[in-house]
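Colleague: Encoded as structure tokens, here's the structure I'll be asking about.
Dropping the structure here:
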């Protein structure tokens, strides 16, 4: 990394000689012929590697030793059935996004620590970019050509890909890859990063499980890359382990640690222009599968009415939505293309707003900026009550000390006073503070402690107090 306004990311590259480039092209043609003749969308890497080594033995004869040929073959394999020169970028878990923006332009990346970075990688001709796009299309059984110049797909590692080709993209083929961490951020990680504090996290824990009588319905809202899915994933650990969860996504991103979970993924048309399955189809189908909790990765179309119908008939649910504030979230839900009737919107308990904040040096961080509770409808207007908000000057979260309608409902259904729930809130904050202070941040470890808390809260609290003392 260099101290430029846009930092430089240096890519590890293998430079082929002119002769090796010619060999690579011959191998690529043979591989494409094989894929077409046998209708293959994936290859056995071990067998292909052996074939490449044999091919090199014939072409290079005895000019190089076996070790050189084997190393050359491995790098050619990356070019042929991997992702070419961007393979090392895809393998870097510190990168959030990879952006190929055309010919003779630098590839950009978004680094988790350094923000937007310019790489020293350039594509000198369209063919190399198209080779990567074609490889992705074969792997994902998708079609991209002049009639269908947009490709949306998911790689085998879970990364989300969007590619475009001319004439749609004037500067040549483009590739945008959204990568996800192998180990997703947990609620403890988010508290450490100050995305939220332990008081808010404990409040949400209490509302998400609802003490078994009223699990909250929540929409996480914000802009692109604001961390909505990450927050949704982190909050899901608070769902009672006994629940049956169905997740529905355009691209599989959620990694929820529960045992009883069904993961559903929408499907676009295949290369024969058939087989589309929409989010709406999956939401409708989920209602036949006896879900306790329905989680929709992103609510944006006609599926919204089906989801809200489910929420109004006793199911619990989460979802994310693109909007800039809680009022805009309501506006988006009640207008085209979602068109959810206002009377149905009342099934939502909370709207959590999250934003990506950029510093002057280009580095960004994420914050929950407000939590608003839906408290009713007056004269046709949905009423919102703001419970928490973020103070940008102090970088602190404010509890606006407004009694939550949802907590009051939980207390009534449990037959207890609201002070009992406030004490439970404090206890859960104590548990979360213990996890943060002791760096207990893996999904598995957090799940184990939460399950023990559900089984015997007094024992867990006593153990924590003993260790703190």
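Residue numbers (the numbering used here): 386 to 854. Every residue gets a Cβ at the ideal spot worked out from N, C-alpha and C, and that includes glycine.
Looking at the secondary structure, which residues open and close the alpha helix (DSSP H) in which residue 752 lies?
Modeller: First-last for residue 752: 749 to 763, but that is the beta strand (DSSP E), not the alpha helix (DSSP H).
Colleague: Whose C-beta lies closer than 8 Å to the C-beta of residue 469 among residues of the same chain, with five residues either side of it excluded?
Modeller: Annotation for residue 469: 463, 513, 516, 517 and 520 place their beta carbon closer than 8 Å to its own, counting only its chain and skipping 5 residues before and after.
Colleague: Does DSSP classify residue 370 as helix, strand or coil?
Modeller: Because residue 370 is not part of the residues shown, which for the chain are 386 to 854, the question remains open.
Colleague: Compare the C-alpha of residue 631 against each of 840, 821, 672 and 607 and name the closest.
Modeller: 672
Colleague: Kindly provide the ranges of any alpha helix (DSSP H) runs that are 4 or more residues long and lie completely inside the segment 666 to 727, ordered along the chain.
Modeller: 688 to 696 and 711 to 719
Colleague: For residue 538, is the classification buried or exposed, using 16 other Cβ atoms within 10 angstroms of its Cβ as the cut-off for buried?
Modeller: buried
Colleague: With DSSP run on the structure shown, which of helix, strand or coil describes residue 509?
Modeller: coil
Colleague: What does the alpha-carbon distance come out to for the pair residue 649 and residue 637?
Modeller: Cα atoms of residue 649 and residue 637: separation of roughly 8 Å, rounded to the nearest angstrom.
Colleague: Assuming residue 585 contacts residue 756 (C-beta within less than 8 Å), just tell me the rounded distance between them.
Modeller: 7 Å
Colleague: Note down, one range per segment and in chain order, each alpha helix (DSSP H) of at least 4 residues found wholly within the segment 476 to 550.
Modeller: 511 to 525
Colleague: My parser needs the beta strand (DSSP E) runs of 3 or more residues fully inside the segment 585 to 638; what are they?
Modeller: Taken in chain order, the complete beta strand (DSSP E) segments of 3 or more residues contained in the segment 585 to 638 are 603 to 607 and 630 to 634.
Colleague: In three-state terms, what does DSSP make of residue 768?
Modeller: strand
Colleague: Return yes when the Cβ of residue 679 is within less than 7 Å of the Cβ of residue 562, no when it is not.
Modeller: no
Colleague: Out of 820, 795 and 849, state which residue places its alpha-carbon closest to the alpha-carbon of residue 593.
Modeller: For residue 593, the closest alpha carbon among the candidates 820, 795 and 849 is that of 795.
Colleague: What is the residue span of the beta strand (DSSP E) that residue 470 lies within?
Modeller: Looking at the DSSP string, residue 470 is not in any beta strand (DSSP E), and its letter there is neither H nor E.
Colleague: I'd like to confirm the pairing. Which residues does DSSP put opposite residue 562 in its beta bridges?
Modeller: 483 and 546
Colleague: Count the other CB atoms within 10 Å of the CB of residue 541; is the residue buried (16 or more) or exposed (fewer)?
Modeller: exposed
Colleague: On a CA-only basis, which of 458, 495 and 783 is nearest residue 393? Give me that one, please.
Modeller: Closest by C-alpha distance to residue 393, out of 458, 495 and 783, is 495.
Colleague: Measuring CB atoms only, is the segment 725 to 732 touching the segment 693 to 704, in the sense that at least three cross pairs come out at less than 8 Å?
Modeller: yes
Colleague: Where does residue 446 sit, in a helix, a strand or coil, going by DSSP?
Modeller: Residue 446: coil per DSSP, three-state reduction.
Colleague: Cα-Cα, which of 405, 774 and 764 is closest to residue 711?
Modeller: When C-alpha distances from residue 711 are compared across 405, 774 and 764, the shortest belongs to 774.
Colleague: Assuming residue 783 is part of the beta strand (DSSP E), what are its boundary residues?
Modeller: 781 to 784
Colleague: Might you give, ordered along the chain, the residues of its own chain that have their beta carbon closer than 8 Å to the beta carbon of residue 809, omitting 5 neighbours on each side?
Modeller: 591 and 596
Colleague: Using a 10 Å radius around the Cβ and a threshold of 16 neighbouring Cβ atoms, would you call residue 766 buried or exposed?
Modeller: exposed
Colleague: Considering only the alpha carbon of each residue, which of 629, 547, 635 and 652 lies closest to residue 643?
Modeller: Ranked by how close their Cα comes to the Cα of residue 643, the residues 629, 547, 635 and 652 have 629 in first place.
Colleague: Are the CB atoms of residue 604 and residue 736 within a distance shorter than 7 Å?
Modeller: yes
Colleague: Classify residue 650 as helix, strand or coil using the three-state DSSP reduction.
Modeller: Residue 650 falls in the strand class under three-state DSSP.
Colleague: Please state whether the Cβ-Cβ distance between residue 751 and residue 580 is less than 7 Å.
Modeller: yes
Colleague: Which residues bound the beta strand (DSSP E) around residue 737?
Modeller: 735 to 743
Colleague: Who are the near neighbours of residue 817 in its chain, counting only those whose CB is closer than 8 Å to its CB and skipping five residues on each side?
Modeller: 572, 573, 576, 583, 586, 587 and 590
Colleague: Residue 522: buried (16+ other C-beta within 10 angstroms of its C-beta) or exposed?
Modeller: Buried is the call here.
Colleague: Going along the chain, which residues of its own chain have a beta-carbon closer than 8 Å to the beta-carbon of residue 769, five neighbours each way excluded?
Modeller: 711, 712, 715, 736, 757, 758, 759 and 760
Colleague: Quick check on the burial criterion: 16 or more other C-beta atoms within 10 angstroms. Buried or exposed for residue 431?
Modeller: Residue 431 is exposed by the Cβ-count criterion.
Colleague: Using DSSP bridges, identify the partner residues of residue 393.
Modeller: In the DSSP output, where bridge partners are listed per residue, residue 393 has 503.
Colleague: In terms of residue numbering, what span does the alpha helix (DSSP H) encompassing residue 829 cover?
Modeller: 828 to 840
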